[in-house]
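To keep things clear, I will list the structure first and then write my remarks on it.
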Amino acid sequence: MNNEPFYPCQECKVGTLHRDYAFFFTIQGGQPICVPDFPAWTCDLCGRRDYDSVALTKLQAIFEPDHRSRQEQHQSPKIADQDHTSVPVDPQVHI
Ligand SMILES: [Zn+2]
Numbered sequence: 002m003n004n005e006p007f008y009p010c011q012e013c014k015v016g017t018l019h020r021d022y023a024f025f026f027t028i029q030g031g032q033p034i035c036v037p038d039f040p041a042w043t044c045d046l047c048g049r050r051d052y053d054s055v056a057l058t059k060l061q062a063i064f065e066p067d068h069r070s071r072q073e074q075h076q077s078p079k080i081a082d083q084d085h086t087s088v089p090v091d092p093q094v095h096i
């Protein structure tokens, strides 16, 4: 019944990473970006937190400097509305 994959913590090697959501803040193109519920993984033992690599990639794709949609202001990205519950992730991937 347990269909949640097991991800060992890279920090303490003993704990297990659990799906979590954390406040994420970054600056992209001089604009402060705040995501209150950013997908992350938190170790149940040492508390180490890794932001979800897939979500980070998506965020970078939205705000990448070469993205010309900044000139088209009729549609702004809504990160918080994305469905982040069914995204397959691998917390061991580091970019
Ligand atoms: Zn740990």
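Counting from 2, one number per residue, gives the positions in the sequence shown under my numbering. Heads up, the beta-carbon is just placed ideally off N, CA and C, and yes, glycines get one too.
Judged by the Cβ position, residue 20 fails to qualify as a neighbour of ligand 1 at the 7 Å threshold, every heavy atom of the ligand being at least this far. Residues of the same chain with a CB within less than 6 Å of the CB of residue 64, apart from the 5 flanking positions on each side, are 29 in chain order.
With fewer than 16 other Cβ atoms inside 10 Å of its own Cβ, residue 58 counts as exposed. Per DSSP, reduced to three states, the secondary structure at residue 29 is strand. Distances taken from the Cβ of residue 50 to the heavy atoms of ligand 1 include none shorter than 7 Å.
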